[in-house]
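Each protein sequence line maps, in turn, to chains X and F.
Going left to right, the first sequence walks through residues 1 to 222 as the numbering used here numbers them.
Going left to right, the second sequence walks through residues 223 to 444 as the numbering used here numbers them.
Glycine included, C-beta positions come from ideal geometry on N, C-alpha and C.
Okay, structure first, notes after.
Protein chains: 2
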Amino acid sequence: MNTFDAALSKSPPVRRTGRIRQKNEELILSAAAEEFARHGFKGTSMSAIALRAALPKANLHYYFTNKLGLYVEVMRHILELWDSAFDHLSVDDDPAAVLADYIRTKMEFSRKQPQASKIFAMEVISGCACLSAHFNEDYREWFRGRAAVFQAWSDAGKMDPIDPMHLIFLIWSSTQHYADFSDQIRRITGQRRVTKEDFERGTETLIRVILKGCGLTPPRPS
Amino acid sequence: MNTFDAALSKSPPVRRTGRIRQKNEELILSAAAEEFARHGFKGTSMSAIALRAALPKANLHYYFTNKLGLYVEVMRHILELWDSAFDHLSVDDDPAAVLADYIRTKMEFSRKQPQASKIFAMEVISGCACLSAHFNEDYREWFRGRAAVFQAWSDAGKMDPIDPMHLIFLIWSSTQHYADFSDQIRRITGQRRVTKEDFERGTETLIRVILKGCGLTPPRPS
DNA sequence: GTCTATACTGCGATAGAC
DNA sequence: GTCTATCGCAGTATAGAC
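Below, the structure is given as structure tokens:
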């Protein structure tokens, strides 16, 4: 177990009740997320975070043990955010509704929390140094559980016999793309930023193609 | 125009004919690609590249002006590689064959040149500092050209009316995922690395879902 | 053309006054 | 709890011997 794992698997540091503390920690975490998303772990300097948070550099070290600790804390927030979103799933659900809903939810995440997706992406691309603890047996179990539901739907003839693992990858990649590669999209469309309309049209396209591709009929739009 | 652009838009440095030079430059570029893919621009140190290339650190500065110059050279190699791959496309082609071929080709890239994809991804995620020159009017023109062909197919009733831009994003993201997120895949499957079989099954799944999702019938496997 | 030794800079982290 | 001043190191880049 490496340094990252140790930091992640520890329980969150005791939250003292100070109002100032709470406020400043939030401020720092938010500034750090912004910087890490844009420059990666190594590319981000404590000074840059301090500057963005409008706080003296030394204060960061007062609230967080060190740069890595701060990064791990940011990552924990992201994982909590994501894990909370996709808990409920049962064989009895309607495949079309579930898939459409999943795609819609993930696209909303990409639109509202693009930094989270970017930090996660950079972390995975550069080898998951910080996430080895996250991809543990529990996680594989969770993944297998979802895949099993998809498989059951296929076996029951509710959808085409699609490999569940690759289907999940398809949904993850195509939705996260709108967060991670927003800069490329922006430059291709020539817009200042990716608009809400782009997201809506992207969501609609993904739902349409993926559901039909699995032999499902899209549910009425909610 | 920033420093990156200036470096990229310049013609490649004069290639002197020395055999040693040629060999060492290749060696360095290859080692650099490996390191940049794993640690990003800032996260990579010249010493690490030198170590991997089994060359003294000072030699890198002899062959390349500085770290940025080396990075830009690596990026140029990648872009040449990619741009050369998808030139031919005509309205008269068979949509199903073209899409299947495109997906297959991109998946081969992900399998054989994963670092290229990773470096590109990190660059885009962190704001395309080095690629602003690449996403120029020519590139948008190229993109619009491809999109127009897809649109023409839709208009002619050869495929469902899918938004061409989002369809291209779907293909890009789902195929590049197998390079960029190989570490996540590896950890989920519990394998030491993503196998050729995973790639084949992924390719097959993508072709199947995307083509059917566009109202196309997959061509006989080649 | 190769490599050692070193100058210089920027960053993470801390000491210690307030 | 806040902030200035500073230490020490890692990393880029270069000078200059061979």
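Check whether the stretch 138-151 of chain X touches the stretch 56-64 of chain X, counting contact only when three or more Cβ pairs, one atom from each stretch, lie closer than 8 Å.
no
Establish whether the CB of X:I28 and some CB of chain F are separated by less than 9 Å.
Taking the first residue of the first sequence as 1, we reach residue 28 of chain X at position 28. Not one chain F Cβ lies under 9 Å of X:I28.
X:S110, buried or exposed, once every other Cβ within 10 Å from all chains shown has been counted against 16:
Along the first sequence, one-based indexing puts residue 110 of chain X at 110. Per the 10 Å Cβ criterion, buried.
If you count every other CB in all the chains shown that lies within 10 Å of the CB of X:S174, and 16 or more means buried, which is it?
Stepping through the first sequence from its first residue, residue 174 of chain X is reached at position 174. X:S174 comes out buried.
Pull up the distance between the alpha-carbon of F:F308 and that of X:L211, whole angstroms please.
Locating residue 308 of chain F in the second sequence gives position 86, counting from the first residue. Locating residue 211 of chain X in the first sequence gives position 211, counting from the first residue. Distance between the alpha carbons of F:F308 and X:L211 is about 28 Å.
Helix, strand or coil for F:K380? Go by DSSP, reduced to three states.
In the second sequence, the residue the question calls residue 380 of chain F occupies position 158. Residue state, collapsed to three classes: coil.
Taking only beta-carbon positions, decide if F:L448 is within less than 9 Å of chain X.
Nothing about residue 448 of chain F can be reported from this structure: the residues present for chain F run from 223 to 444 only.
So, X:C214 versus X:D180, is the Cβ gap smaller than 9 Å?
Numbered from its first residue, the first sequence carries residue 214 of chain X at position 214. Numbered from its first residue, the first sequence carries residue 180 of chain X at position 180. No.
Any beta carbon of chain F sitting closer than 9 Å to that of X:L81?
Working through the first sequence from its first residue, we reach residue 81 of chain X at position 81. Chain F contact via Cβ: absent.
For the alpha helix (DSSP H) holding F:V296, just list the boundary residues, first then last.
Residue mapping note: residue 296 of chain F aligns to position 74 of the second sequence, counting from 1. Segment K289 to D305, the alpha helix (DSSP H) holding F:V296.
With 16 other CB atoms within 10 Å as the buried threshold, where does X:S47 fall?
Counted from its first residue, the first sequence places residue 47 of chain X at position 47. X:S47 comes out exposed.
Among the residues of its own chain, which have a CB less than 6 Å from the CB of X:L27, if the five just before and after it don't count?
Start at 1 with the first residue of the first sequence, and residue 27 of chain X comes out as number 27. Around X:L27: A53.
If you measure beta-carbon to beta-carbon, which residues of the stretch 183-196 of chain X are closer than 8 Å to chain F?
D183, Q184, I185, R187, I188, T189 and G190
What do you get for X:K196, buried or exposed, if any count of 16 or more other CB atoms within 10 angstroms of its CB means buried?
As a position in the first sequence, residue 196 of chain X is number 196, starting the count at 1. By the 10 Å Cβ count, X:K196 comes out exposed.
With 9 Å as the C-beta to C-beta threshold (strictly closer), list the residues of the stretch 33-46 of chain X near chain F in chain order.
A37, R38, H39, G40, F41, K42, G43 and T44
Go through its chain and collect everything with a Cβ distance to X:K106's Cβ below 6 Å, but skip five positions before and after it.
Residue numbering aside, residue 106 of chain X sits at position 106 when the first sequence is read from its first letter. The residues are T175.
Would you report the Cα separation of F:E330 and F:P336, rounded to the nearest angstrom?
Numbered from 1 along the second sequence, position 108 holds the residue referred to as residue 330 of chain F. Numbered from 1 along the second sequence, position 114 holds the residue referred to as residue 336 of chain F. If you take the alpha carbons of F:E330 and F:P336, they lie about 9 Å apart.
Could you give the distance in angstroms between the alpha-carbon of X:W82 and the alpha-carbon of F:G291?
Position 82 of the first sequence, counted from the first residue, corresponds to residue 82 of chain X. Position 69 of the second sequence, counted from the first residue, corresponds to residue 291 of chain F. Their Cα atoms are separated by approximately 38 Å.
Where the alpha helix (DSSP H) containing X:D101 begins and where it ends
Position 101 of the first sequence holds residue 101 of chain X. X:D101 -> alpha helix (DSSP H) spans P95 to K112.
Given that X:G127 touches chain F, what residues does it touch there, using C-beta distances under 9 Å?
Translated into the one-based positions of the first sequence, residue 127 of chain X becomes position 127. Within chain F, the residues near X:G127 are R260, H261 and D405.
X:A50 - DSSP class collapsed to helix/strand/coil
Residue mapping note: residue 50 of chain X aligns to position 50 of the first sequence, counting from 1. If DSSP states are grouped into helix, strand and coil, X:A50 belongs with the helices.
So, is F:K245 buried or exposed, given that buried needs 16 or more other C-beta atoms within 10 angstroms?
The residue labelled residue 245 of chain F in the question sits at position 23 within the second sequence. Burial call: exposed.
Should F:K340 and X:I125 be called a contact, given that it needs their Cβ atoms to be closer than 9 Å?
Along the second sequence, one-based indexing puts residue 340 of chain F at 118. Along the first sequence, one-based indexing puts residue 125 of chain X at 125. Contact check for F:K340 against X:I125 passes: the beta carbons are separated by less than 9 Å.
Taking Cβ-Cβ distances below 8 Å as the criterion, which residues of the stretch 163-181 of chain X are in contact with chain F?
Correct list: D163, M165, H166, L167, F169, L170, W172, S173, S174, Q176, H177, Y178, D180 and F181.
Taking only beta-carbon atoms, is F:F308 less than 9 Å away from chain X?
Here residue 308 of chain F refers to the residue found at position 86 when the second sequence is read from its first residue. No, because no Cβ of chain X sits closer than 9 Å to the Cβ of F:F308.
Does the Cβ of X:A156 have 16 or more other Cβ atoms within 10 Å, making it buried, or fewer, making it exposed?
Residue numbering aside, residue 156 of chain X sits at position 156 when the first sequence is read from its first letter. By the 10 Å Cβ count, X:A156 comes out exposed.
Run down chain X in chain order and give the residues with a C-beta less than 8 Å from the C-beta of F:F357.
The sequence position of residue 357 of chain F within the second sequence is 135, counting from 1. Below the 8 Å Cβ cutoff, chain X contributes Q184, R187 and I188 as neighbours of F:F357, in chain order.
Just how far apart, CA to CA, sit X:F199 and F:G240?
By 1-based counting over the first sequence, the position of residue 199 of chain X is 199. By 1-based counting over the second sequence, the position of residue 240 of chain F is 18. Between X:F199 and F:G240, the C-alpha separation is close to 52 Å.
Could you tell me whether the Cβ of X:C214 comes closer than 9 Å to any Cβ of chain F?
The residue you call residue 214 of chain X lines up with position 214 of the first sequence. True, the Cβ-Cβ gap to chain F drops below 9 Å.
Among X:D94, X:I78, X:A50 and X:M122, which one has its Cα closest to the Cα of X:R38?
Along the first sequence, one-based indexing puts residue 38 of chain X at 38. Considering only alpha carbons, the answer is X:M122.
Please tell me whether F:H299 and F:L251 are closer than 9 Å, where the distance is taken between their beta carbons.
Here residue 299 of chain F refers to the residue found at position 77 when the second sequence is read from its first residue. Here residue 251 of chain F refers to the residue found at position 29 when the second sequence is read from its first residue. For F:H299 and F:L251, yes; Cβs fall inside 9 Å.
Are X:K190 and F:K264 touching if we call contact CB-CB under 9 Å?
Here residue 190 of chain X corresponds to residue number 190 of the first sequence, with the count starting at 1. Here residue 264 of chain F corresponds to residue number 42 of the second sequence, with the count starting at 1. A quick correction: the sequence has Gly, not Lys, at residue 190 of chain X. The Cβ-Cβ distance between X:G190 and F:K264 does not fall below 9 Å.
Can you look up F:L282 in the DSSP assignment and give me helix, strand or coil?
Mapped onto the second sequence, residue 282 of chain F falls at position 60. DSSP places F:L282 in helix when its eight states are reduced to three.
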